[in-house]
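To start, the structure itself, in structure tokens.
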Amino acid sequence: MRNLRERLMAVTGSRKEAQSAAPPVQEEACFCREHIAPLSALHGIERTTLEDARACDPLFTGERWDVSRLLFLDTETTGLSGGAGTVAFLVGVGFIDERGMVIRQYVMRNYAQEAQMLAQIAAHFERADVVVTFNGKSFDLPLLESRMILNRIRLPVTQYPHLDLLHAARRVYKLRLGRCTLSALEKAVLGTGREDDLPGAQVPQRYFDYIRTREFALLEDVLRHNLQDVQSLAALTGHLCAAFRAPQTVEHEQDLLGVGRTLMRGGHTQRARTCFKILGHSSLSGQAHMHLAVSYRRAQEWQEAVESWRTMIARGEGGTWPYIELAKYWEHVAGDLPQALSCACAALRCALNTAQLTGTEVQIESIHRRIARLKRKLAARKQTGGTQP
């Protein structure tokens with residue numbers, strides 16, 4: 511009688527023989543659809559440069575910008591909040607070649623195809639220098655990287671040089687638009703709109719319905735939605751970069767102020783000042799003059815800074831701020847305490863006149879302390895014969 515080990519080995523051997531005799535199962539490939547958009551629809555994406563990208567996003571870390579090596583990416587997922595159970599079932603990627611913008615959409619027909627689909631996406635990353643997304647820093651790329659790790663694909667996609675258009679668009683358009691969703695930007699900035707677009711909240715359920723019924727027609731709305739997202743990434747990149755390359759062409763005052771503030775943040779001082787000077791004759795002149803004065807103060811260009819503060823006072827802009835800034839200048843830079851005291855007293859009068867409208871009690875107390883300190887310094891200077899600085 512055979513022992514237990516011999517019987518187990520016999521069973522194992524028979525299974526191996528059966529498996530070797532069975533024909534190999536051919537796994538169905540993930541779905542891929544290709545679409546080509548003409549460059550003429552992309553708002554000058556082919557003219558964008560590395561300098562444009564750095565001006566558009568002061569935090570951009572890329573060292574190269576070759577339009578043919580940009581990767582535009584957007585995902586559709588089984589959940590909108592991320593987490594370990596969330597899967598990107600559709601990934602749309604776009605790149606520029608001699609035909610125009612090529613958009614490829616990869617869909618996994620079942621969960622077993624995830625590794626195969628992610629391998630296709632990884633190949634696109636390996637041919638790219640920069641990835642462009644809309645909110646990809648917070649959602650798309652961390653999700654893809656975690657799913658790649660689970661499928662044993664070692665590719666640190668979150669470490670790629672990345673232009674996230676959500677943050678860039680907010681810096682420019684939020685003052686005018688408020689909400690900066692991609693669909694809102696398409697309508698208000700790019701001049702395009704969507705008809706019968708599938709709401710993003712319904713996308714996960716569409717995929718679950720497809721998995722249950724195997725009716726691919728259920729995903730057509732999702733594919734159309736994703737296709738528009740990917741194409742809009744390229745068009746918005748071209749439009750944003752053009753605004754930073756030639757600020758004088760920006761149509762809306764609020765957008766120009768956003769461009770100027772972003773340029774200042776990125777150290778592009780002269781171009782930022784151009785924006786603020788253009789806005790000096792607009793309804794946003796108060797904010798423009800304030801940003802202009804700040805730029806002069808930071809650069810210690812005191813004559814220009816003083817002129818900007820005086821212009822604001824003459825135009826009734828900025829409340830007490832230009833008076834306080836002048837008081838600081840006369841005290842700490844020019845060493846003229848009487849002038850500093852005069853400006854501080856003017857600031858107090860301005861604050862008292864507007865106190866009921868603006869509720870500036872804390873500010874008034876601060877000005878009182880400044881005046882008292884200046885008076886003490888003046889008294890001490892008189893006692894020492896005016897030799898104290």
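Those letters in the sequence shown? Residues 511 to 899, per the working numbering, in order. Quick reminder that beta carbons are idealized off the backbone N, C-alpha and C, glycines included.
Once the 5 residues before and after G572 are set aside, which same chain residues still bring their CB inside 6 angstroms of it? Walking along the sequence shown from the start, residue 572 turns up at place 62. The beta carbon of G572 sits closer than 6 angstroms to the beta carbons of V640, P671 from its chain, once the five residues preceding and following it are set aside; these are given in chain order.
Following the continuous beta strand (DSSP E) through Y839, name the residue where it begins and the one where it ends. Reading the sequence shown from its first residue, position 329 is the one you call residue 839. No beta strand (DSSP E) contains Y839, which DSSP labels as neither H nor E.
For D739, which residues from the same chain have a beta carbon less than 8 angstroms from its beta carbon, with the 5 sequence-adjacent residues on both sides left out? Taking the sequence shown and counting its residues from 1, the one referred to as residue 739 is at position 229. Excluding positions up to five away in sequence, the list reads D584, G602, F644, L692.
Pair within 8 angstroms by beta-carbon distance, A803 and E827: Indexing the sequence shown from 1 puts residue 803 at position 293. Indexing the sequence shown from 1 puts residue 827 at position 317. It is not a contact, given that the beta carbons lie outside the stated cut-off.
Rounded to whole angstroms, what's the CA-CA distance from S818 to H799? Just pull it up for me. The count along the sequence shown starts at 1 and reaches residue 818 at position 308. The count along the sequence shown starts at 1 and reaches residue 799 at position 289. The alpha-carbon atoms of S818 and H799 are separated by roughly 7 angstroms.
Member of G796, S805, Q764 whose CA lies at the smallest distance from the CA of Q780: If you number the sequence shown from 1, residue 780 lands on position 270. Measuring from the Cα of Q780, the nearest candidate turns out to be S805.
Which of the three DSSP states, helix, strand or coil, is assigned to D674? Stepping through the sequence shown from its first residue, residue 674 is reached at position 164. In the three-state scheme derived from DSSP, where H, G and I count as helix and E and B as strand, D674 is classed as strand.
For L729, I'd like the list of residues in its chain whose CB is within less than 6 angstroms of its CB, leaving aside the five on either flank, ordered along the chain. Position 219 of the sequence shown, counted from the first residue, corresponds to residue 729. Cβ-Cβ distances below 6 angstroms link L729 to Y720 in the same chain, with the five nearest sequence neighbours on each side left out; the list follows chain order.
Can you find the residues in the same chain that come closer than 6 angstroms, C-beta to C-beta, to L851, ignoring five residues on each side of it along the sequence? By 1-based counting over the sequence shown, the position of residue 851 is 341. Cβ within range, chain order: L884.
Whole angstroms are fine: how far does the CA of Y833 sit from the CA of G607? For the purposes of this step, residue 607 is taken as residue 97 along the sequence shown, with counting starting at 1. For the purposes of this step, residue 833 is taken as residue 323 along the sequence shown, with counting starting at 1. It should be noted that the sequence gives Asp, not Gly, for residue 607. Distance between the alpha carbons of D607 and Y833: 57 angstroms.
Would DSSP call E655 helix, strand or coil? Numbered from 1 along the sequence shown, position 145 holds the residue referred to as residue 655. Reduced to three states, the DSSP call for E655 is helix.
Taking the alpha-carbon positions, what's the W575 to A638 distance? By one-based count along the sequence shown, residue 575 stands at place 65. By one-based count along the sequence shown, residue 638 stands at place 128. The C-alpha of W575 lies about 10 angstroms from the C-alpha of A638.
Would you report the Cα separation of S796 and W840, rounded to the nearest angstrom? In the sequence shown, the residue the question calls residue 796 occupies position 286. In the sequence shown, the residue the question calls residue 840 occupies position 330. Before going further, note that residue 796 is Gly rather than Ser in the sequence given. Their Cα atoms are separated by approximately 22 angstroms.
Could you check if H842 is buried or exposed, using at least 16 other CB atoms within 10 Å of its CB as the buried criterion? The residue labelled residue 842 in the question sits at position 332 within the sequence shown. H842 is exposed by the Cβ-count criterion.
Could you tell me if G829 is buried or exposed, where buried requires 16 or more neighbouring beta carbons within 10 angstroms of its beta carbon? Here residue 829 is taken as the residue at index 319 of the sequence shown, counted from 1. By the 10 Å Cβ count, G829 comes out buried.
Going by DSSP, what residue range makes up the alpha helix (DSSP H) through Q470? Absent from the model: residue 470. The displayed extent of the chain is 511 to 899, so no value can be given.
For the 8 angstroms Cβ check, are there 3 or more pairs between the region 757–773 and the region 656–673? Taking 8 angstroms as the limit for Cβ pairs, the verdict is that the region 656–673 does not touch the region 757–773.
Pull up the DSSP beta-bridge partners for F605, would you. For the purposes of this step, residue 605 is taken as residue 95 along the sequence shown, with counting starting at 1. By DSSP's assignment, F605 forms a beta bridge with V612.
Inter-residue spacing [alpha-carbon to alpha-carbon] between K787 and L888: For the purposes of this step, residue 787 is identified with residue 277 of the sequence shown, where counting begins at 1. For the purposes of this step, residue 888 is identified with residue 378 of the sequence shown, where counting begins at 1. Going by the C-alpha atoms only, they are around 38 angstroms apart.
Under a three-way DSSP split, which group does I546 fall into? The residue you call residue 546 lines up with position 36 of the sequence shown. In this structure, I546 counts as strand in the three-state DSSP scheme.
Can you list, in chain order, the residues of its chain whose CB lies under 7 angstroms from that of R783, leaving out five sequence neighbours each side? Within the sequence shown, the letter at position 273 stands for residue 783. Cβ within range, chain order: L802, S805.
Going straight from the alpha carbon of E655 to that of V597, what length do you get? For the purposes of this step, residue 655 is taken as the residue at position 145 of the sequence shown. For the purposes of this step, residue 597 is taken as the residue at position 87 of the sequence shown. E655 and V597 have their alpha carbons spaced roughly 11 angstroms apart.
Take L737 and list the residues in its own chain whose beta-carbon comes closer than 7 angstroms to its own, dropping the five residues that flank it on each side. Start at 1 with the first residue of the sequence shown, and residue 737 comes out as number 227. H545, G602, I613, Q615, listed in sequence order.
Given this structure, state the Cα-to-Cα distance separating C690 from I874, to the nearest angstrom. For the purposes of this step, residue 690 is taken as residue 180 along the sequence shown, with counting starting at 1. For the purposes of this step, residue 874 is taken as residue 364 along the sequence shown, with counting starting at 1. If you take the alpha carbons of C690 and I874, they lie about 38 angstroms apart.
Can you tell which of Q810, C785, L733 has the C-alpha that lies nearest to the C-alpha of K617? Along the sequence shown, read from residue 1 onward, the residue named residue 617 stands at position 107. A small correction: the amino acid at residue 617 is Val; Lys does not occupy that position in the sequence shown. The option with the nearest alpha carbon to V617 is L733.
For V816 and E586, the rounded distance between their alpha carbons: By 1-based counting over the sequence shown, the position of residue 586 is 76. By 1-based counting over the sequence shown, the position of residue 816 is 306. Their Cα atoms are separated by approximately 54 angstroms.
Checking 8 angstroms against the spacing of the C-beta atoms, do L675 and Y683 come in under that value? Taking the first residue of the sequence shown as position 1, residue 675 is located at position 165. Taking the first residue of the sequence shown as position 1, residue 683 is located at position 173. No, they are not a contact pair.
Taking the C-alpha atoms as reference points, what is the distance between D846 and H791? Residue 846 sits at position 336 when you count from the first residue of the sequence shown. Residue 791 sits at position 281 when you count from the first residue of the sequence shown. Between D846 and H791, the alpha-carbon positions lie close to 32 angstroms from each other.
If we call anything under 8 angstroms between Cβ atoms a contact, is A854 one with I877? Position 344 of the sequence shown, counted from the start, is the residue given in the question as residue 854. Position 367 of the sequence shown, counted from the start, is the residue given in the question as residue 877. It is a contact, given that the beta carbons lie within the stated cut-off.
Limits of the alpha helix (DSSP H) - the one that V732 falls within: In the sequence shown, counting from the first residue as 1, residue 732 sits at position 222. Segment 730–755, the alpha helix (DSSP H) holding V732.
Here's the rule: buried if 16 or more other CB atoms are within 10 angstroms of the residue's CB, otherwise exposed. What is S742? For the purposes of this step, residue 742 is identified with residue 232 of the sequence shown, where counting begins at 1. Under this definition S742 is a buried residue.
Counterpart residues of T585 in DSSP-defined beta bridges: Locating residue 585 in the sequence shown gives position 75, counting from the first residue. For T585, which the question treats as bridged, DSSP gives the partners V601.
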